[in-house]
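Novice: Take this structure, written in structure tokens, and hold onto it; I'll ask about it next.
Numbering (the numbering used here), first residue to last: 883 to 936.
Laid out in structure tokens, this is it:
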């Protein structure tokens, strides 16, 4: 019974670690994508401000 409990705890810890790593990776990708789109918009506004006004 104790052995089973230890395995369950280890499995839960592994799942939690995987979820944490994936969520951190997703947030990094999302922030980077958002940041890049902001930079692109700024660059477009600087390069062709007349087109942005229309």
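Where is the CB? At the ideal position from N, CA and C, for every residue including glycine.
What is the rounded straight-line gap between the Cα of residue 921 and the Cα of residue 899?
Specialist: 33 Å
Novice: With a CB to CB cut of under 7 Å and the five nearest residues on each side skipped, what residues in its chain are close to residue 917?
Specialist: Excluding sequence neighbours, residue 917 sits near nothing in its chain.
Novice: At the level of alpha carbons, what is the spacing between residue 885 and residue 897?
Specialist: 18 Å
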